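Structure first, commentary second.
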Amino acid sequence: MTRFRFLLIILLSASSQLVVAQAAADKILGHYLSPKKDGKIEVYKVGEMYFGKVVSGNNPRKDVNNPNPALRTRDLLGMVFLTNFVYKNNEYSDGEIYDPENGKTYSCKMWLDKGNLKVRGYIGLSIIGRTETFTKVN
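Here my numbering is used: the first residue of the sequence shown is 20, the next is one more, and so on.
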């Protein structure tokens with residue numbers, strides 16, 4: 020019986036640590052204003068990966084700069100532009116960001132800073148890139 024209690028305590032302890040870690044990872048979920056304050060994005064989760072899509076904008080546009088001519092007529096509204104992020108070491112990494120301003124896709128990492136979302140797109144090494152701040156909204 021003592022062995023059973025010991026195993027039960029270890030199992031409960033491990034599962035509670037998993038719940039705490041998952042809660043920390045999911046703090047990113049929600050809505051954010053774009054850096055120019057002209058649109059809103061939603062960060063959401065599918066399985067263990069995080070994504071972001073455009074949910075509203077002041078001036079809805081088409082994806083006119085896409086290198087694929089067949090995609091140039093698609094709406095930016097509803098488009099998933101942050102893809103495949105994994106939470107590790109207090110940041111969301113291994114993802115990609117699509118920039119509709121130039122039609123290019125970049126490697127990307129994200130992190131929370133005082134409740135706001137910092138998004139860094141880069142080519143190769145993350146020290147060569149650009150960081151934008153998305154402001155958290157309720």
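Idealized CB from N, CA, C, for every residue including glycine.
Being a predicted model, the structure only gives us computed values, none of them experimental.
- Measuring C-alpha to C-alpha distances from Asn87 to each of Asn121, Phe153, Ile147 and Ala42 identifies Asn121 as the nearest.
- Between the alpha carbons of Leu101 and Arg91 lies a distance of about 18 Å.
- Boundaries for Asn108: no beta strand (DSSP E) harbours it, and the DSSP string shows neither H nor E there.
- Using a C-beta cut-off of 8 Å, the segment 147 to 156 makes contact with the segment 127 to 139, since at least three inter-stretch Cβ pairs fall below that distance.
- Looking only at Asn85, Leu48 and Asn84, the smallest Cα-Cα distance to Lys72 is reached by Leu48.
- The alpha-carbon of Thr124 is positioned some 7 Å away from that of Glu115.
- The beta carbons of Asp113 and Val105 sit about 5 Å from each other, so the pair counts as a contact at 8 Å.
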